[in-house]
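Q:
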Amino acid sequence: VELSPGEADFPDRSDVDAYYERALAALEGVPGVRAAATTVPLPMNHELLSTPYAAPEQVGTDTEDWSRAMYFRVSDGYFESMGIELLAGRLFDPRDGSDSEPTVIISEGVARRLWPGQDAVGRVALLGNAEAPTEARVVGLAEDVAEEGFADVFGGQIYRPAAQSYRRSRYIVVGIDGPPSMMINPVSEALRAAGPAVPALVRPMRAVVDENALGWSVPSLLLGVAGLIAIGLASLGIYGLISYQTLQRRTEMGVRLALGATAAQVRMDVMREGIRLAVPGLLVGLALSVGAGQLLASRLYGIGPRDPLTFIGTAVLFAAVAVAAAARPAVRAGRTAPVRVLKAD
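In the numbering used here, the protein residues as written are 38 to 382.
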């Protein structure tokens, strides 16, 4: 649910906060609603907030040296609404108010970077920038949530209580029991009752995810098509080069056959030569692919920049092309009469 209370009807922060409290209370009273909470931003919705973070021992270092994590401002009930498991500590509650000590819930990825192998709950993390960091107490540890497109850029999530960071426009996530299509009208009616003047865009989370996935998958699809074209051209090049090199050795093959070499020996020699020509290219190509994969990491959807199956599959493909390119001339060479080859040359 996307909401934006107007300044005319809700001029002050207290008015805005009161509206969201009414909206959440109304939603939680709808049959079939498990939990409801506000969040900024909404996951997988083309909006990304991130924050640098560090351990207290890194005070005085440059912000550029700090790690970054996806950053969310959420209210009570967010983790239950989104189905995110709390692994240790507690969830946000009224103790995490605007006048309280800054608190955070961090994900496993953030905890591993800050305090590997140690308990993160109760420790203090630095957020923001090195010049004036916010010292926030870790009150909970949640499981990592993978967002396509961001998984390799940000290694985890940091959650702040909504009461400690204000924003007028917010999203509401509603955890439900049942088909989302059956809940859109009841949710919309509850929101109208809480604030008739506030427009609300109500969508199933699946629609949000699909829309975001389209934004990432279309460029990836175009890159995939370009990659297939490149593979085709490279395969033709390998085939043509090895075939040409083999045909250039017709005289040598004729002489060897005339001197007593068997057809099998000639075929194996041609195959070895073809593979020898292809192996250096494969090794160089794989090395360059590692670097290219890192450059394109942010545009890869559903696959990592160093996916082993992709590298192995590509190497096997080009090796098969090299073998096929050498096999046909090799078979022909083994069947050719030496006298015919020598007369032709």
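Glycine residues also receive a C-beta, built at the ideal position from the N, C-alpha and C atoms.
Go through its chain and collect everything with a Cβ distance to D46's Cβ below 6 Å, but skip five positions before and after it.
A: As a working mapping, residue 46 is identified with position 9 in the sequence shown. The answer, listed in chain order, is A234.
Q: Considering only the alpha carbon of each residue, which of V210, A183, M107 and T288 lies closest to F116?
A: Along the sequence shown, read from residue 1 onward, the residue named residue 116 stands at position 79. Closest option to F116, Cα to Cα, is V210.
Q: Entirely within the region 76-112 and at least 3 residues each: give me those beta strand (DSSP E) ranges in chain order.
A: For the beta strand (DSSP E) assignment, the uninterrupted runs of no fewer than 3 residues enclosed by the region 76-112 are, from N- to C-terminal side, 87-91 and 104-111.
Q: Could you name the residues of the same chain whose beta carbon sits closer than 6 Å to that of P217, not counting the 5 residues immediately before and after it, in chain order?
A: Along the sequence shown, read from residue 1 onward, the residue named residue 217 stands at position 180. Taken in chain order, the residues that qualify are P241.
Q: Helix, strand or coil, according to DSSP, for T140 in the structure here?
A: Mapped onto the sequence shown, residue 140 falls at position 103. Residue state, collapsed to three classes: strand.
Q: Thinking C-beta only, is V246 closer than 8 Å to S225?
A: For this step, residue 225 is matched to residue 188 along the sequence shown. For this step, residue 246 is matched to residue 209 along the sequence shown. No; because the gap between Cβ atoms is not below 8 Å, this pair is not in contact.
Q: Is S87 closer than 8 Å to R105 when the C-beta atoms are compared?
A: Taking the first residue of the sequence shown as position 1, residue 105 is located at position 68. Taking the first residue of the sequence shown as position 1, residue 87 is located at position 50. Yes.
Q: Excluding the five sequence neighbours on either side, which residues of its own chain have a C-beta within less than 6 Å of the C-beta of L79, listed in chain order?
A: The residue given as residue 79 occupies position 42 in the sequence shown. Within the same chain, L79 has close Cβ partners Y208.
Q: Roughly how many whole angstroms lie between the Cα atoms of T100 and L164?
A: Position 63 of the sequence shown holds residue 100. Position 127 of the sequence shown holds residue 164. Cα to Cα, T100 sits roughly 10 Å from L164.
Q: In three-state terms, what does DSSP make of A188?
A: If you number the sequence shown from 1, residue 188 lands on position 151. Note that A188 has pLDDT 48, beneath the 50 cutoff, so the model's placement of it is unreliable and no number is given.
Q: Check this for me: beta carbons of L40 and A179, under 8 Å apart or not?
A: Taking the sequence shown and counting its residues from 1, one reaches residue 40 at position 3. Taking the sequence shown and counting its residues from 1, one reaches residue 179 at position 142. Not in contact: L40 and A179 (Cβ atoms no closer than 8 Å).
Q: Three-state secondary structure (DSSP) at V70?
A: Translated into the one-based positions of the sequence shown, residue 70 becomes position 33. Three-state DSSP puts V70 in a strand.
Q: Where Q279 and Q194 are concerned, what is the direct C-alpha to C-alpha distance, given to the nearest angstrom?
A: Working through the sequence shown from its first residue, we reach residue 279 at position 242. Working through the sequence shown from its first residue, we reach residue 194 at position 157. A small correction: the amino acid at residue 279 is Ile; Gln does not occupy that position in the sequence shown. Computed Cα separation, rounded: 52 Å.
Q: Residue range of the beta strand (DSSP E) that V175 falls in?
A: Within the sequence shown, numbered from 1, the residue matching residue 175 stands at position 138. Per DSSP, V175 belongs to the beta strand (DSSP E) from T171 to A179.
Q: Secondary structure at I213, three-state DSSP: helix, strand or coil?
A: Translated into the one-based positions of the sequence shown, residue 213 becomes position 176. Residue state, collapsed to three classes: strand.
Q: Does DSSP classify R286 as helix, strand or coil?
A: Here residue 286 refers to the residue found at position 249 of the sequence shown. It is coil, neither helix nor strand.
Q: Compare the Cα-Cα distances from A357 to each of D344, E248 and I268 and report the closest residue.
A: As a position in the sequence shown, residue 357 is number 320, starting the count at 1. Selected option, being the one with the closest Cα: I268.
Q: Going by CA-CA distance only, name the one from A300, G43, L258 and V307 that's closest to Q282.
A: Within the sequence shown, the letter at position 245 stands for residue 282. Looking at the Cα atoms, V307 is the closest of the given residues.
Q: How is the beta strand (DSSP E) around Y56 delimited, first residue to last?
A: Along the sequence shown, read from residue 1 onward, the residue named residue 56 stands at position 19. From DSSP, Y56 is part of no beta strand (DSSP E) but of the alpha helix (DSSP H) over R50 to E65.
Q: Are the C-beta atoms of R160 and some chain C residue less than 8 Å apart?
A: Absent from the structure is chain C; it holds one protein chain and no more.
Q: Around the Cβ of R197, are there at least 16 other Cβ atoms within 10 angstroms (buried) or fewer (exposed)?
A: Within the sequence shown, residue 197 is the residue found at index 160, counting from 1. Classification of R197: buried, given that the 10 Å Cβ count is 16 or more.
Q: Relative to the C-alpha of L328, which candidate in V316, R313, G215 and F348 has its C-alpha closest?
A: Position 291 of the sequence shown, counting from 1, holds the residue named residue 328. Reading the sequence as shown, one finds Gly at residue 328 and not Leu. For G328, the nearest C-alpha among the options comes from F348.
Q: Secondary structure at L296, three-state DSSP: helix, strand or coil?
A: One-based indexing of the sequence shown puts residue 296 at position 259. Correct three-state label for L296: coil.
Q: In terms of alpha-carbon separation, which member of P139, S206 and G120 lies closest to D52?
A: In the sequence shown, residue 52 corresponds to position 15, counting from 1. Of the listed residues, the one whose Cα sits closest to D52 is S206.
Q: Cutting at 8 Å between CB atoms, please list the residues of its own chain near L354, excluding the five before and the five after it.
A: Looking up residue 354 in the sequence shown gives position 317. I268 and S272, listed in sequence order.
Q: Considering only C-alpha positions, which residue in the set G215, P153, A91 and M219 is nearest to A169?
A: In the sequence shown, the residue the question calls residue 169 occupies position 132. Of the candidates G215, P153, A91 and M219, the one whose C-alpha sits nearest the C-alpha of A169 is A91.
Q: To the nearest whole angstrom, what separates the beta carbons of A60 and S135, a pair I think is in contact under 8 Å?
A: The residue given as residue 60 occupies position 23 in the sequence shown. The residue given as residue 135 occupies position 98 in the sequence shown. So it is not a contact: roughly 19 Å between Cβ atoms.
Q: Rounded to a whole number of angstroms, what is the C-alpha to C-alpha distance between P48 and L259?
A: Numbered from 1 along the sequence shown, position 11 holds the residue referred to as residue 48. Numbered from 1 along the sequence shown, position 222 holds the residue referred to as residue 259. Taking the straight line joining both Cα atoms gives about 47 Å.
Q: Less than 8 Å between the C-beta atoms of G146 and G192, yes or no?
A: Indexing the sequence shown from 1 puts residue 146 at position 109. Indexing the sequence shown from 1 puts residue 192 at position 155. Going by C-beta atoms, G146 is nearer than 8 Å to G192.
Q: Which partner residues does G126 have in the DSSP bridge list?
A: For the purposes of this step, residue 126 is taken as the residue at position 89 of the sequence shown. For G126, DSSP records a beta bridge to G177.
Q: Which partner residues does V182 have in the DSSP bridge list?
A: Mapped onto the sequence shown, residue 182 falls at position 145. Bridge partners of V182: none, in fact.
Q: Output the distance between the C-alpha atoms of R50 and G43, rounded to the nearest integer angstrom.
A: Residue 50 sits at position 13 when you count from the first residue of the sequence shown. Residue 43 sits at position 6 when you count from the first residue of the sequence shown. In a straight line, the C-alpha of R50 is about 11 Å away from that of G43.
Q: Let's test the definition: count the other Cβ atoms within 10 Å of the Cβ of A263 and tell me whether it reaches 16, buried, or not, exposed.
A: If you number the sequence shown from 1, residue 263 lands on position 226. When all chains shown are included, A263 counts as exposed.
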